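Asker: So that you can map any letter, position 129 of the sequence shown is 393 in my numbering, and since no number is skipped, the others follow by simple counting.
For each residue, glycine too, the CB sits at the ideal point set by N, CA and C.
Just so you know, these numbers come straight off a predicted model, no measurement behind them.
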Amino acid sequence: MEYKITYLGQKENEILEKIISEDEFSKIMNSVSWLKTTMPIKDYLYMVNKCIDELLIASKTTGCGQEHNFSELNRLFNGFIGNYYSWLSYMEKHYKTVLLPIKKKAYDNNIEYRLIYYLREFASHYDMAVDQVTFDVLTENVHWYIKPESLLHYDLKDINKRFEQDIQFLKSNNQKIDVFELVLKFRTIFDTMIQEIYDALIPEINQHWNFLVQHLKIEEKCPFLIIDVYICEIGNDKHPFNLTGFVNLFNKKMQTDERA
């Protein structure tokens, strides 16, 4: 099969076509597919960060009455750990080789990361994680806590032995898990993980990006300003792929601030 790239200008008669091989077409679409897979990372990061923002704001909510609203507190906490797990599952499916050493380092070195990692499973199968809320009369701040003894009411080995050891350690030191401090620390760990992941992915992102961009222009001098570039199989051009549209969409997505 043969394929063509069509270059369109602003006017109806401004058209140039270039024939490309099936192999070249496959390479172009492979780069498109690879870059498409990276785009949802931004969406997952936005959801995780938005949940963290809402959780941190709510954890400092002032005023009486909030201390009894366990359903709302756990809704926010479960929403956060659920969205984090969705991001993690997506990364494990598509970028396992990149993710595993980064995740292992965060897991091995940070009890806060391990707590978030396993509290999702606890909240899904056993009970609500947040089980104590106090109200400071002087500061009017609400404090959320997860009590180790409440978690140890269940056989945590069924979730993970390391998780049980961490909770036992906290209990033996009379430490309650302050949700605000836990999430704040997790965000710092998570931000470091994201930076390391992007550092690992950027070279390949740039490789595919540059390969596509070179097909948005032609080597010989073009008599008009190229506005759109389409690619399709010769004789089957009812649904051409808009290469310009995809490149612009990808560029816009990559510039999105997931903290906004």
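Helix or strand or just coil, what does DSSP make of PRO487?
Answerer: The count along the sequence shown starts at 1 and reaches residue 487 at position 223. DSSP places PRO487 in coil when its eight states are reduced to three.
Asker: Three-state secondary structure (DSSP) at TYR418?
Answerer: In the sequence shown, the residue the question calls residue 418 occupies position 154. Here TYR418 sits in coil by DSSP.
Asker: Between the C-alpha atoms of ILE284 and ASN474, what's the straight-line distance to the nearest angstrom?
Answerer: Here residue 284 refers to the residue found at position 20 of the sequence shown. Here residue 474 refers to the residue found at position 210 of the sequence shown. Their Cα atoms are separated by approximately 18 Å.
Asker: Sorted by chain position, which residues of the same chain lie with C-beta nearer than 6 Å to THR326's C-beta, five sequence neighbours on each side aside?
Answerer: Counting from 1 along the sequence shown, the entry for residue 326 is found at position 62. Low confidence applies to THR326: its pLDDT is 45, below 50, so where it sits in the model is not reliable, and the reading given next is rough at best. Within the same chain, THR326 has close Cβ partners GLU404.
Asker: For the putative contact between ALA393 and ASN347, defined by C-beta atoms under 8 Å, what is the C-beta separation to the nearest angstrom?
Answerer: For the purposes of this step, residue 393 is taken as the residue at position 129 of the sequence shown. For the purposes of this step, residue 347 is taken as the residue at position 83 of the sequence shown. Wrong, their Cβ atoms sit about 15 Å apart, outside the cutoff.
Asker: Have a look at THR301, PHE386, ILE366 and flag the residue whose alpha-carbon is nearest the alpha-carbon of LYS357.
Answerer: Numbered from 1 along the sequence shown, position 93 holds the residue referred to as residue 357. Checking every option, the nearest Cα to that of LYS357 belongs to THR301.
Asker: Around the C-beta of GLU376, are 16 or more other C-beta atoms found within 10 angstroms, so that it is buried, or is it exposed?
Answerer: As a position in the sequence shown, residue 376 is number 112, starting the count at 1. GLU376 should be labelled buried.
Asker: Which residues does DSSP pair with ILE284 in a beta bridge?
Answerer: What you label residue 284 is simply residue 20 of the sequence shown in a count that begins at 1. Answer is TYR267, bridged to ILE284.
Asker: Can you check DSSP and say which residues form a bridge with ASN506?
Answerer: Counted from its first residue, the sequence shown places residue 506 at position 242. Paired residue(s): TYR494.
Asker: By Cβ distance, which residues of its chain are closer than 6 Å to PHE488, with the 5 residues on each side in sequence left out?
Answerer: Within the sequence shown, numbered from 1, the residue matching residue 488 stands at position 224. The residues are GLY273, GLU278.
Asker: Apart from the five residues on each side of it in sequence, which residues of its chain come closer than 7 Å, Cβ to Cβ, to ASN526?
Answerer: Any property of residue 526 remains undetermined from this structure, which presents the chain solely from 265 to 524.
Asker: Is the region 438 to 455 touching the region 376 to 391 in the sense that three or more CB pairs, one from each, lie closer than 8 Å?
Answerer: Using a Cβ-Cβ distance cut-off of 8 Å, the region 376 to 391 and the region 438 to 455 are in contact, since at least three pairs of beta carbons, one from each stretch, lie closer than that value.
Asker: If you check the beta carbons only, do TYR494 and PHE505 fall under 8 Å apart?
Answerer: To locate residue 494, count along the sequence shown from 1; it is residue 230. To locate residue 505, count along the sequence shown from 1; it is residue 241. It is a contact, given that the beta carbons lie within the stated cut-off.
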